[in-house]
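Student: Dropping the structure in here first, questions after.
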Amino acid sequence: MKGPLTEEEFSAAADRIRETLEVYHLMNQREAELVEVRQTAFGELNTIAVERDVHSLSPEELYTVVAVMRSLFQQRLLTEPMEYFGEEELMAQDELIEEVMASLSNQRQQPNLYAMRENGRLMIFHK
Numbered sequence: 245m246k247g248p249l250t251e252e253e254f255s256a257a258a259d260r261i262r263e264t265l266e267v268y269h270l271m272n273q274r275e276a277e278l279v280e281v282r283q284t285a286f287g288e289l290n291t292i293a294v295e296r297d298v299h300s301l302s303p304e305e306l307y308t309v310v311a312v313m314r315s316l317f318q319q320r321l322l323t324e325p326m327e328y329f330g331e332e333e334l335m336a337q338d339e340l341i342e343e344v345m346a347s348l349s350n351q352r353q354q355p356n357l358y359a360m361r362e363n364g365r366l367m368i369f370h371k
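Shown next as structure tokens:
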């Protein structure tokens, strides 16, 4: 996201993310092993990372986190416009996300992954 993020803004955002995930888990009768929200500043840019176990993570939960971030920081998020993506491209990326998450949930060891979208492509990296 662009612009500075005060400690109060981050704290409020982290609380909202955690509360939203709590409600999501209650509604879906699930329990997350780990939910940690961190902030890192890079000059005028900030990242907010949500760390979560992947064994019980669902695509819907991931989309919920994205929706919360958009509602909190709509004007400040650095995103590509949705018009940039064709419907088929978005469906293919949704399928890829589901496949990656399904394969990760079967692994014994907890992987450290980062995902980002750039130039219309979804990229997933091991930490």
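Here the sequence shown is numbered in our numbering, starting from 245 and rising by one per residue.
Glycine is no exception: its CB is placed at the ideal position from the N, C-alpha and C atoms.
From a predicted model like this one, the values you see are computed outputs, not experimental measurements.
1) For residue 294, list the residues DSSP reports as bridge partners.
2) Between 343, 310 and 317, which lies nearest to residue 264 when the distance is taken from Cα to Cα?
3) Give me whichever residues DSSP pairs with residue 289 in a beta bridge.
4) Rounded C-beta distance between residue 314 and residue 321? I'm assuming under 8 Å.
5) Can you give me the C-alpha to C-alpha distance between residue 300 and residue 289, rounded to a whole angstrom?
6) Please classify residue 256: is it buried, with 16 or more other beta-carbons within 10 angstroms of its beta-carbon, or exposed?
7) Decide if residue 317 is buried, meaning its Cβ has at least 16 other Cβ atoms within 10 Å, or exposed.
8) Between residue 281 and the rest of its own chain, which residues show a CB-CB distance below 6 Å, the 5 nearest in sequence each way excluded?
9) May I ask you to report which of helix, strand or coil DSSP gives residue 299?
Tutor: In this structure, then:
1) Sequence index remark: in the sequence shown, residue 294 carries index 50 (1-based). Residue 294 is bridged to 281.
2) Residue numbering aside, residue 264 sits at position 20 when the sequence shown is read from its first letter. Selected option, being the one with the closest Cα: 310.
3) The count along the sequence shown starts at 1 and reaches residue 289 at position 45. BP columns for residue 289 point to 246 and 286.
4) Working through the sequence shown from its first residue, we reach residue 314 at position 70. Working through the sequence shown from its first residue, we reach residue 321 at position 77. Yes, they are in contact, since the Cβ atoms of residue 314 and residue 321 sit about 7 Å apart, within 8 Å.
5) The residue labelled residue 300 in the question sits at position 56 within the sequence shown. The residue labelled residue 289 in the question sits at position 45 within the sequence shown. Roughly 31 Å between the two C-alpha positions.
6) For the purposes of this step, residue 256 is identified with residue 12 of the sequence shown, where counting begins at 1. Residue 256 should be labelled exposed.
7) Your numbering for residue 317 matches position 73 in the sequence shown. When all chains shown are included, residue 317 counts as buried.
8) Taking the sequence shown and counting its residues from 1, one reaches residue 281 at position 37. Excluding positions up to five away in sequence, the list reads 258, 261 and 294.
9) Here residue 299 refers to the residue found at position 55 when the sequence shown is read from its first residue. Note: residue 299 maps to coil in three-state DSSP.
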